[in-house]
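Undergrad: Note that UniProt numbering has the sequence shown beginning at 1, numbered continuously upward.
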Amino acid sequence: MANAITEEAVQKTVYEALPQFGVDEGDITREATFEDLDVDSLDLAELSQIIEDEYGVALKGDDVGKIKTVGDAIDLVIQKGS
1 MANAITEEAV QKTVYEALPQ FGVDEGDITR EATFEDLDVD SLDLAELSQI
51 IEDEYGVALK GDDVGKIKTV GDAIDLVIQK GS
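1) Does the beta-carbon of Ala73 have 16 or more other beta-carbons within 10 angstroms, so that it is buried, or is it exposed?
2) Leaving out five residues on either side along the sequence, give the residues of the same chain with a beta carbon under 7 Å from the beta carbon of Ile78.
3) Compute the Euclidean distance between the alpha carbons of Asp43 and Ser82, then round it to the nearest angstrom.
4) Between Ile50 and Ala17, how many whole angstroms is the CB-CB distance? I'm expecting something under 8 Å.
5) Quick one: measure Cβ to Cβ for Val14 and Leu37, integer angstroms, because I've assumed they're closer than 8 Å.
6) Could you tell me whether the Cβ atoms of Val70 and Ala32 are closer together than 9 Å?
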């Protein structure tokens, strides 16, 4: 069963997932861009899978293409999950 989709929960999931892609935890903020964090499209695809597994929210290619910042990703998951 998917977890409750709250801003706090999604943010925690994203913040915990990003270090798997070599991101320094101290660099992760809602305003940080994935480009600045050196997160590439393959990393974003993997992050999308983590989100889908955790919350049952599927982020498709068009959705992922619109994501520029960590905050964008969190907001999109909340929007699509509601």
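Cβ atoms here follow ideal geometry from the backbone N, Cα and C, with glycine treated the same way.
TA: From the atom records:
1) Counting from 1 along the sequence shown, the entry for residue 73 is found at position 73. With 16 or more Cβ atoms within 10 Å of its Cβ, Ala73 is classed as buried.
2) As a position in the sequence shown, residue 78 is number 78, starting the count at 1. Ile5, Glu7 and Val10, listed in sequence order.
3) The count along the sequence shown starts at 1 and reaches residue 43 at position 43. The count along the sequence shown starts at 1 and reaches residue 82 at position 82. Near 25 Å, if we compare the C-alpha coordinates of Ser82 and Asp43.
4) Position 50 of the sequence shown, counted from the first residue, corresponds to residue 50. Position 17 of the sequence shown, counted from the first residue, corresponds to residue 17. Between Ala17 and Ile50 the Cβ distance is about 5 Å, and since that is below 8 Å, they are a contact.
5) On the sequence shown, position 14 is the one that residue 14 refers to. On the sequence shown, position 37 is the one that residue 37 refers to. Contact doesn't hold; Cβ gap of about 11 Å is too wide.
6) Start at 1 with the first residue of the sequence shown, and residue 70 comes out as number 70. Start at 1 with the first residue of the sequence shown, and residue 32 comes out as number 32. Against a cut-off of 9 Å, the Cβ pair of Ala32 and Val70 comes out as a contact.
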